[in-house]
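Asker:
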Amino acid sequence: MSTPFTQSLQVAEMFPDVPFEAVQKAVEDHKGNLEKVAEELLSYEMLRQPEESGRASSVGTPNLSELKVNHTKSKVKSSNSDPRLFALSSLLSCSLDRVKATYQKTKDIEKTVRKIIQLGWTLNDSQLASKYRNQLAVILDSKRTNPYLNNIERRFYLDCLEYFGGDVHRTIQLAAWMMNPDSSPQSMPTSKPQPSISPSSSISLGRPPDPLEKIIDGALKTNKLDLHGLLVSEAQHCVQQVLKSWWSFEMEQRIIEGTNLRGKKVIYVGYLDIITGRGFHSSGGVPKLRNLVHQILNSENYLFDDIVLGFKVMGKKT
Numbered sequence: 001m002s003t004p005f006t007q008s009l010q011v012a013e014m015f016p017d018v019p020f021e022a023v024q025k026a027v028e029d030h031k032g033n034l035e036k037v038a039e040e041l042l043s044y045e046m047l048r049q050p051e052e053s054g055r056a057s058s059v060g061t062p063n064l065s066e067l068k069v070n071h072t073k074s075k076v077k078s079s080n081s082d083p084r085l086f087a088l089s090s091l092l093s094c095s096l097d098r099v100k101a102t103y104q105k106t107k108d109i110e111k112t113v114r115k116i117i118q119l120g121w122t123l124n125d126s127q128l129a130s131k132y133r134n135q136l137a138v139i140l141d142s143k144r145t146n147p148y149l150n151n152i153e154r155r156f157y158l159d160c161l162e163y164f165g166g167d168v169h170r171t172i173q174l175a176a177w178m179m180n181p182d183s184s185p186q187s188m189p190t191s192k193p194q195p196s197i198s199p200s201s202s203i204s205l206g207r208p209p210d211p212l213e214k215i216i217d218g219a220l221k222t223n224k225l226d227l228h229g230l231l232v233s234e235a236q237h238c239v240q241q242v243l244k245s246w247w248s249f250e251m252e253q254r255i256i257e258g259t260n261l262r263g264k265k266v267i268y269v270g271y272l273d274i275i276t277g278r279g280f281h282s283s284g285g286v287p288k289l290r291n292l293v294h295q296i297l298n299s300e301n302y303l304f305d306d307i308v309l310g311f312k313v314m315g316k317k318t
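Each residue of the sequence shown is one higher than the one before, starting from 1 at the first, in UniProt numbering.
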């Protein structure tokens with residue numbers, strides 16, 4: 001069964017000078033009616049030769065079979081256009097011209113993808129992994145159901161996530177397509193990718209943001225949990241949630257990279273600072289938050305050092 005995307009590829013071959021995004025939009029607007037699609041695309045001035053414009057208006061709109069004849073020269077000119085480049089243009093939400101220019105330099109689809117998505121990020125691997133810990137967990141689940149995704153290294157996924165603003169669906173879609181570039185993706189978003197919302201965020205459920213969730217998300221992004229101003233019960237919730245997610249992500253990355261799971265100190269997430277304060281202003285002079293965190297870290301077998309204002313967590317005993 002022909003899909004809108006495959007129809008777009010078919011029409012794009014006859015209109016090589018029209019941006020692929022415009023072809024897709026025309027196919028969607030006219031619900032796959034190729035005669036109407038062709039009529040709309042003919043209105044692009046770039047397709048009309050000055051001497052042909054009068055003849056086109058007097059003769060009327062040619063049907064699809066006539067278009068194939070009338071555009072033989074255009075098709076010959078674009079015969080060396082790889083259909084995969086159209087798919088890649090849509091997958092990456094970038095212009096076809098940019099994809100073609102990059103491909104001309106690399107002569108390889110995989111190298112073309114990597115050159116486009118690797119834009120010289122300021123964050124290193126560890127920082128990107130920490131930033132997209134939730135998305136990488138989803139990718140890990142996808143690898144279990146689609147083992148072929150394991151053939152792509154972690155850096156590719158990190159670059160994709162940064163390129164797509166954290167959109168894990170598009171990252172997996174591109175990775176899966178990379179395994180078989182001759183296939184036609186069934187659904188391709190054409191809008192500019194937006195940063196994804198953390199799965200733990202109440203915003204995604206339409207509720208007002210939870211202040212504690214904001215603190216937890218911030219701690220996981222920065223590896224620093226500041227408990228100042230929290231009640232003991234609130235601090236306990238934040239500490240337990242952050243520690244759980246922090247260590248889970250470390251273990252997931254070890255699975256992805258094939259690293260020893262019994263290692264005690266973290267390798268991928270960086271040390272976690274938990275700021276409790278000294279407790280000088282606590283009731284009775286007892287540092288309640290500091291004592292609470294110390295008890296949690298000990299009872300759950302975390303490796304940690306005391307620092308002036310709290311604790312530095314470095315791993316977990318297995």
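All residues carry an ideal CB built from backbone N, CA and C; glycine is no exception.
1. Touch check for the stretch 231-246 and the stretch 208-217: three-plus C-beta pairs under 8 Å?
2. Given Asp273, which residues of its chain have a CB within under 8 Å of its CB, disregarding the five upstream and five downstream residues?
3. In angstroms with no decimal places, state the Cα-to-Cα distance between Ser90 and Asp210.
4. For the putative contact between Val269 and Glu250, defined by C-beta atoms under 8 Å, what is the C-beta separation to the nearest angstrom?
5. Mind checking which residues open and close the alpha helix (DSSP H) that includes Phe156?
6. According to DSSP, simplified to helix, strand and coil, what is Asp273?
7. Answer yes or no: do Tyr163 and Ile109 have a C-beta to C-beta separation smaller than 9 Å?
8. Helix, strand or coil: how does DSSP classify Lys75 here?
9. Return the CA-CA distance between Val76 and Asp82, expressed in angstroms with no decimal places.
10. So, under 8 Å CB-CB, Gly315 and Lys264 are touching, yes? Tell me the CB distance rounded to an integer number of Å.
11. Counting C-beta neighbours from all protein chains within 10 Å, is the total for Ile255 16 or more, i.e. buried, or is it exposed?
12. With a cut-off of 8 Å on the beta carbons, I'd call Asp182 and Arg84 a contact; round off their distance for me.
13. Over what stretch of residues does the alpha helix (DSSP H) that includes Lys25 continue unbroken?
14. Under the rule that 16 or more other beta-carbon atoms within 10 Å means buried, what is Ser175, buried or exposed?
15. Return the Cβ separation of Thr276 and Leu289 in integer angstroms, given the expectation that the two are a contact with Cβ distance under 8 Å.
16. Quick one: using the 10 Å Cβ neighbour count with 16 as the cut-off for buried, is Ala26 buried or exposed?
17. Let's see if you can read the secondary structure: which residues bound the beta strand (DSSP E) around Ile109?
18. Measuring only the C-alpha atoms, how far is Met188 from Ile139?
19. Might you give, ordered along the chain, the residues of its own chain that have their beta carbon closer than 6 Å to the beta carbon of Leu136, omitting 5 neighbours on each side?
20. Indicate the three-state DSSP secondary structure (helix, strand or coil) for Ile307 in the structure shown.
21. Could you check the C-alpha separation between Met179 and Glu35 for me, to the nearest Å?
22. If you follow the beta strand (DSSP E) that Asp226 is in, where does it begin and where does it stop?
23. Note the first and the last residue of the continuous alpha helix (DSSP H) segment covering Tyr103.
24. When you compare each of Tyr103, Thr3, Leu243 to Ser299 by their alpha carbons, which one comes out closest?
25. Report the rounded CA-to-CA distance for Pro62 versus Glu39, giving the unit in angstroms.
26. Please classify Val11 as buried or exposed, where buried requires at least 16 other C-beta atoms within 10 Å of its C-beta.
27. Label Glu153 either buried or exposed according to how many other C-beta atoms from any shown protein chain fall within 10 Å of its C-beta, with 16 as the threshold for buried.
28. Do Val293 and Leu227 count as a contact pair if the criterion is CB distance below 9 Å?
29. Which two residues bound the contiguous alpha helix (DSSP H) that contains Val293?
30. Can you pull the DSSP bridge partners for residue 323?
Answerer: Answer, in terms of the structure:
1. yes
2. Along the sequence shown, read from residue 1 onward, the residue named residue 273 stands at position 273. The answer, listed in chain order, is Asn223, Lys224, Leu225, Ile307, Gly310, Phe311, Lys312, Val313.
3. Position 90 of the sequence shown, counting from 1, holds the residue named residue 90. Position 210 of the sequence shown, counting from 1, holds the residue named residue 210. Ser90 and Asp210: Cα-Cα distance of roughly 36 Å.
4. Position 269 of the sequence shown, counted from the first residue, corresponds to residue 269. Position 250 of the sequence shown, counted from the first residue, corresponds to residue 250. Contact holds; Cβ gap of about 5 Å.
5. The residue given as residue 156 occupies position 156 in the sequence shown. First-last of the alpha helix (DSSP H) with Phe156: 154-163.
6. Numbered from 1 along the sequence shown, position 273 holds the residue referred to as residue 273. Here Asp273 sits in strand by DSSP.
7. Taking the first residue of the sequence shown as 1, we reach residue 163 at position 163. Taking the first residue of the sequence shown as 1, we reach residue 109 at position 109. Against a cut-off of 9 Å, the Cβ pair of Ile109 and Tyr163 comes out as no contact.
8. Along the sequence shown, one-based indexing puts residue 75 at 75. Bear in mind that the predicted position of Lys75 carries a pLDDT of just 40, short of 50, making it unreliable; the figure below should be weighed with that in mind. If DSSP states are grouped into helix, strand and coil, Lys75 belongs with the helices.
9. Reading the sequence shown from its first residue, position 76 is the one you call residue 76. Reading the sequence shown from its first residue, position 82 is the one you call residue 82. Confidence in Val76 is poor, its pLDDT being 37 and thus under 50, which makes the residue's placement unreliable; the coordinate value appears in the next sentence. If you take the alpha carbons of Val76 and Asp82, they lie about 13 Å apart.
10. Taking the first residue of the sequence shown as 1, we reach residue 315 at position 315. Taking the first residue of the sequence shown as 1, we reach residue 264 at position 264. Contact flag correct, Cβ pair sits at about 5 Å.
11. For this step, residue 255 is matched to residue 255 along the sequence shown. Under this definition Ile255 is an exposed residue.
12. Reading the sequence shown from its first residue, position 182 is the one you call residue 182. Reading the sequence shown from its first residue, position 84 is the one you call residue 84. That pair is a contact at about 7 Å.
13. Within the sequence shown, residue 25 is the residue found at index 25, counting from 1. First-last of the alpha helix (DSSP H) with Lys25: 20-29.
14. Stepping through the sequence shown from its first residue, residue 175 is reached at position 175. Note that residue 175 is Ala in the sequence shown here, rather than Ser. Ala175 is buried by the Cβ-count criterion.
15. Sequence index remark: in the sequence shown, residue 276 carries index 276 (1-based). Sequence index remark: in the sequence shown, residue 289 carries index 289 (1-based). Yes, Thr276 and Leu289 are in contact; Cβ-Cβ is about 4 Å, under 8 Å.
16. On the sequence shown, residue 26 is found 26 positions in, with the first residue counted as 1. Classification of Ala26: buried, given that the 10 Å Cβ count is 16 or more.
17. Against the sequence shown, residue 109 aligns to sequence position 109. Counting along the chain, Ile109 falls outside any beta strand (DSSP E), though it belongs to the alpha helix (DSSP H) covering 109-117.
18. In the sequence shown, residue 188 corresponds to position 188, counting from 1. In the sequence shown, residue 139 corresponds to position 139, counting from 1. Legend: pLDDT at Met188 = 39, less than 50; position of this residue unreliable, value from coordinates given subsequently. For Met188 and Ile139, the distance between alpha carbons rounds to 19 Å.
19. Counting from one through the sequence shown, the residue named residue 136 turns up at place 136. No residues qualify anywhere along the chain.
20. Counting from 1 along the sequence shown, the entry for residue 307 is found at position 307. DSSP places Ile307 in strand when its eight states are reduced to three.
21. Along the sequence shown, one-based indexing puts residue 179 at 179. Along the sequence shown, one-based indexing puts residue 35 at 35. So the alpha carbons of these two residues sit roughly 34 Å apart.
22. Here residue 226 is taken as the residue at index 226 of the sequence shown, counted from 1. Residues 224-226.
23. As a working mapping, residue 103 is identified with position 103 in the sequence shown. Segment 96-106, the alpha helix (DSSP H) holding Tyr103.
24. For this step, residue 299 is matched to residue 299 along the sequence shown. Nearest to Ser299 by C-alpha distance, out of Tyr103, Thr3, Leu243, is Leu243.
25. As a position in the sequence shown, residue 62 is number 62, starting the count at 1. As a position in the sequence shown, residue 39 is number 39, starting the count at 1. In this prediction, Pro62 scores a pLDDT of 49, lower than 50, which makes its location untrustworthy; the coordinate-derived value is nonetheless stated afterwards. Distance between the alpha carbons of Pro62 and Glu39 is about 8 Å.
26. Residue mapping note: residue 11 aligns to position 11 of the sequence shown, counting from 1. So Val11 ends up on the buried side.
27. As a working note, residue 153 is residue 153 in the sequence shown. So Glu153 ends up on the exposed side.
28. Translated into the one-based positions of the sequence shown, residue 227 becomes position 227. Translated into the one-based positions of the sequence shown, residue 293 becomes position 293. Yes, Cβ-Cβ distance for Leu227 and Val293 is below 9 Å.
29. Taking the first residue of the sequence shown as position 1, residue 293 is located at position 293. Counted as a single uninterrupted DSSP element, the alpha helix (DSSP H) harbouring Val293 occupies residues 288-299.
30. Coverage of the chain is limited to positions 1 through 318, which leaves residue 323 absent and any answer about it impossible.
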